[in-house]
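Numbering follows our numbering, with no gaps: position 138 of the sequence shown is 823.
All C-beta atoms, glycine included, are put in the ideal place defined by N, C-alpha and C.
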Amino acid sequence: MKPLIFVFCTLLFTTSISAQDEDWELEDWSLDEMISDTRGFSISLDVNGSSIDLTNTARVGPEGSGGGGGIGITYGFNQLVSLIVDLDGANVSPNVGTNYTLGHLDVGIGFNFLQPDQPFRPFVGVALTGRSATFRIRGDSDRFIETTASGPALSLIAGLRYFASPSVSIDAQIIGSGGTFNKIDVPVPGGTLTQEIDVDSTTGRVKLGLSWFVGR
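Spelled out as structure tokens, the structure:
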């Protein structure tokens, strides 16, 4: 995982610097011609379907799928490169046991394709992701307590954005994440007990949402 994080950080740094260069712009476009301008800040809301698969355990237990929602902020440096920050959660129905909450926090970069005079803009991206899974388990005296497993992952993103107007787009995307849940937090009297774990897993998300481009 550490080599992947190093490669990601290097790519993020070099791309962010290069994004300031005018050579990244595809052409000079007038405002009237730009139907799908990806520059600047945008705020998105989405619904999602999420799934989780544990790759180094038996296929019985917390693996499952469910639905949820999320919010995101994107900053487009130019027509090609964007910074992505995205937070989402889903209520997962597992193979065995009660439902639990699966959360993702993505920070990464996206690359947009086609020209801004087209309403459809495909994109791909890569992100560093923090994941968490919060379970309710039965403790002493039949009390239920919430425990949270968490850890890092690397995510690959592919999607399509349709600009219904210069300020609003309809977004569809698929995200695959691979990594390790490396710790679990258990509430105890007077605080929280943190234990190290090693559970490799992959998660998948399908999202459909709306984005509003600020100031248009």
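Quick check on the DSSP output: the beta strand (DSSP E) that includes residue i runs from which residue to which?
i: Gly751; result: 749 to 761
i: Phe898; result: 876 to 898
i: Asp791; result: 785 to 797
i: Thr833; result: 829 to 850
i: Pro807; result: 805 to 823
i: Gln800; result: No beta strand (DSSP E) holds Gln800; DSSP gives it neither H nor E.
Tell me whether residue i sits in a helix, a strand or coil according to DSSP, three-state version.
i: Asp771; result: strand
i: Ser736; result: strand
i: Ile903; result: Lying outside 686 to 901, the shown extent of the chain, residue 903 is not represented and no answer is given.
i: Ser701; result: Below a pLDDT of 50, predicted positions are generally treated as unreliable, and Ser701, at 46, falls in that range; the measurement from the model is reported next regardless. In this structure, Ser701 counts as helix in the three-state DSSP scheme.
i: Gly725; result: strand
i: Gly782; result: coil
i: Leu730; result: strand
i: Ile869; result: strand
Going by other Cβ atoms of all chains shown within 10 Å of its Cβ, with 16 needed for buried, is residue i buried or exposed?
i: Ser778; result: exposed
i: Ala875; result: Position check: residue 875 holds Gly in this sequence, whereas Ala was assumed. Looking at its Cβ environment, which holds fewer than 16 other Cβ atoms inside 10 Å, Gly875 is exposed.
i: Phe820; result: buried
i: Asn780; result: exposed
i: Pro872; result: exposed
i: Ala834; result: buried
i: Gly749; result: buried
i: Ala843; result: exposed
i: Ile882; result: exposed
i: Gln880; result: exposed
i: Gln764; result: buried
Do residue i and residue j have their C-beta atoms within less than 8 Å of each other?
i: Pro801; j: Ser721; result: yes
i: Ser905; j: Gly793; result: With the chain running from 686 to 901 in the structure shown, residue 905 is simply not present.
i: Gly889; j: Ser736; result: yes
i: Arg816; j: Gly864; result: yes
i: Ser896; j: Ser729; result: yes
i: Leu790; j: Ala775; result: no
i: Gly755; j: Thr723; result: no
i: Thr887; j: Ser862; result: yes
i: Phe796; j: Gly810; result: yes
i: Ile859; j: Val891; result: yes
i: Val899; j: Leu739; result: no
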